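Heads up: the sequence shown at position 101 corresponds to 101 in UniProt numbering, and the numbers run straight through without jumps.
Glycine is no exception: its CB is placed at the ideal position from the N, C-alpha and C atoms.
These numbers come from a predicted model, not from an experiment.
Heads up, the thing below is written out as structure tokens.
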Amino acid sequence: MKNKEHTRQVRDTVVKKFKAGFGYKKISQALNIPRSTVQAIILKWKEYETTANLPRPGRPSKLSAHTRRRLIRDAAKRPMITLDELQRSTAEVGDSVHRTTFSHILHKSGLYGRVARRKPFLKDIHKKYCLKFATSHLGDTPNMWKKVLWSDETKIELFGNNARRHVWRKSNTAHPPEHIIPTVKHGGGSIMVWACFSSAGTGKMVKIDGKMDGAKYRTILEENLMESAKDLRLGRRFVFQQDNDPKHKAKSTMEWFKNKHIQVLEWPSQSPDLNTIENLRKELKTAVHKCSPSNLTELELFCKEEWEKNSVSRCAKLIDIPQATYSCNRSKRWRYKVLT
């Protein structure tokens, strides 16, 4: 077993005496240390030109370099592979190590576990139309997008917030009511709402009673669309955005737009992440569930209150991009979302 190493001061003294012409034996006697120690210090100094401790390699890895490369390659090719699967595949070739070892290896290569984002499944035809949409709007100006009234329908559940919540508590106190998030089957009830907004602020939000069909959708538009455009001062030549839901694209609905002289923005299928109202919708759900509604009436009330709290600056920020880079950046952003 190696004895306790000498201090940096002792090692420097050995080198100093060696430079002064002292031999190993005399240095050993003067400092009362073994001659072999003096020799080792001098050899190290000659090779590395220092008496400081050199970096130590630590414990050798349990996995060979070949196995580590294979793990990284497997994780890169199959991003959703689990640590358990990696552990089993490695054990099959005779290497049995702990899960944390795999984590460390992947982290060193820049691979980290993240929650996979959920996005609509896009067929090649969907990507083609989305790309065509982005390209066709390359020359648009900021003023054009300020005239767009964005709309969406969404379901908001009473107990539907799946986000993680943390709680300060002592050991063995996990189950008191104040320490849990109540859950019920099917979300405990939900409401459907229709809402719209533009760069000038939020428009109307209305609860959809019963099953939505073409007639009910046209009633919602009749009672809320023009009023929202008027409140937001969009003028008569505003552009209305909606997705390609069959109820929205029904012949009678499109006739209604034509009779009202409302221009409808051509919208690619399967592209909800291109709709800027998605940002407000996510923020709305988070804000509403922080209010902890206890019934559907409160849920509707909180939805409308939180929707109206969105500031004009927040809405404008979702739409506005500096004039010089607007068209290029917007097109690049859309293309990136489409192709990935």
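Spatially closest choice to Ala-40 from Arg-11, Glu-92, Leu-63, Ala-65, by CA coordinates: When C-alpha distances from Ala-40 are compared across Arg-11, Glu-92, Leu-63, Ala-65, the shortest belongs to Arg-11.
Strand pairing of residue 349, partner residues [DSSP]: Nothing about residue 349 can be reported from this structure: the residues present for the chain run from 1 to 340 only.
Residues sharing a beta bridge with Ser-269, DSSP: Assignment of beta-bridge partners to Ser-269 by DSSP yields no partner.
Thr-297 (DSSP reduced to helix, strand or coil): Residue state, collapsed to three classes: helix.
Boundaries of the beta strand (DSSP E) in which Val-206 is found, first to last residue: Val-206 -> beta strand (DSSP E) spans 201-208.
Euclidean distance between Cα positions of Leu-63 and Lys-4: Counting only the Cα atoms, Lys-4 lies some 31 angstroms from Leu-63.
Rounded separation between Glu-153 and Asp-231 - CA only: Approximately 20 angstroms, taken between the alpha carbons.
Three-state class that DSSP yields for Val-14 in the structure shown: Three-state DSSP puts Val-14 in a helix.
Residues bridged to Phe-102 [DSSP beta-bridge criterion]: BP columns for Phe-102 are empty, so no partner.
Status (buried if at least 16 other CB within 10 Å, exposed otherwise) for Pro-268: Buried: at least 16 other Cβ atoms inside 10 Å.
Burial state of His-98 (16 or more Cβ within 10 Å): Under this definition His-98 is an exposed residue.
Cutoff 7 angstroms; reference Cys-291; Cβ partners in own chain excluding five residues on either side: Cβ within range, chain order: Phe-302.
Endpoints, alpha helix (DSSP H) assigned at Gln-87: Judged by DSSP secondary structure, Gln-87 falls within the alpha helix (DSSP H) whose first and last residues are 83-91.
Contact under 7 angstroms by Cβ, Arg-218 with Thr-253: Closer than 7 angstroms, so yes.
Lys-260 versus Phe-238, Asn-143, Gln-9, Ser-36, residue with shortest Cα-Cα distance: Nearest C-alpha to Lys-260 among Phe-238, Asn-143, Gln-9, Ser-36: Phe-238.
Nearest residue (CA-CA) to Ile-156, options Ser-313, Arg-8, Asp-209, Leu-299: Measuring from the Cα of Ile-156, the nearest candidate turns out to be Leu-299.
For Ser-171 and Leu-276, the rounded distance between their alpha carbons: The sequence given here places Thr at residue 276; Leu does not occur at that position. Within the model, the alpha-carbon separation for Thr-276 versus Ser-171 is close to 44 angstroms.
Assumed close pair Ala-195, Cys-315 - CB separation to whole angstroms, cut-off 8 angstroms: That pair is no contact at about 12 angstroms.
Whole-Å CB distance - Ser-198 paired with Leu-149, under 8 angstroms assumed: Correct: roughly 5 angstroms between the Cβ atoms.
Minimum length 4: unbroken alpha helix (DSSP H) runs contained in the segment 206-242: You should have 214-231.
Coil, strand or helix - Ala-287 by DSSP: The three-state reading of DSSP puts Ala-287 in helix, counting H, G and I together.
N- and C-terminal bounds of the alpha helix (DSSP H) containing Tyr-24: 24-31 is the span of the alpha helix (DSSP H), which, as asked, contains Tyr-24.
Glu-92 versus Ala-75: straight-line alpha-carbon distance, rounded: So the two alpha carbons sit approximately 17 angstroms from each other.
C-alpha gap between Thr-286 and Ser-61, whole angstroms: The straight-line gap from Cα to Cα measures roughly 45 angstroms.
Tyr-48 - containing alpha helix (DSSP H), residue span: Counting along the chain, the unbroken alpha helix (DSSP H) around Tyr-48 starts and ends at 35-48.
Cross-strand partners of Trp-150 (DSSP beta bridge): Answer is Phe-197, Gln-241.
Limits of the unbroken alpha helix (DSSP H) element including Tyr-129: Note, Tyr-129: alpha helix (DSSP H), 124-136.
Alpha-carbon spacing of Arg-251 relative to Asp-245, whole angstroms: Before going further, note that residue 251 is Lys rather than Arg in the sequence given. Distance from the CA of Lys-251 to the CA of Asp-245, rounded to the nearest whole angstrom, comes to 12 angstroms.
Which of helix, strand or coil DSSP assigns to Val-97: Here Val-97 sits in coil by DSSP.
Own chain residues within Cβ distance below 7 angstroms of Glu-227, not counting five before or after: For Glu-227, the CB contacts under 7 angstroms within the same chain, skipping 5 residues up- and downstream, are Lys-204 in chain order.
For Leu-284 and Leu-274, the rounded distance between their alpha carbons: If you draw a straight line from the Cα of Leu-274 to the Cα of Leu-284, it comes to about 18 angstroms.
Segment limits, alpha helix (DSSP H) that includes Lys-247: Under the DSSP assignment, Lys-247 falls in the alpha helix (DSSP H) whose first and last residues are 246-249.
Cβ pair Arg-68, Ile-125 closer than 7 angstroms: No; because the gap between Cβ atoms is not below 7 angstroms, this pair is not in contact.
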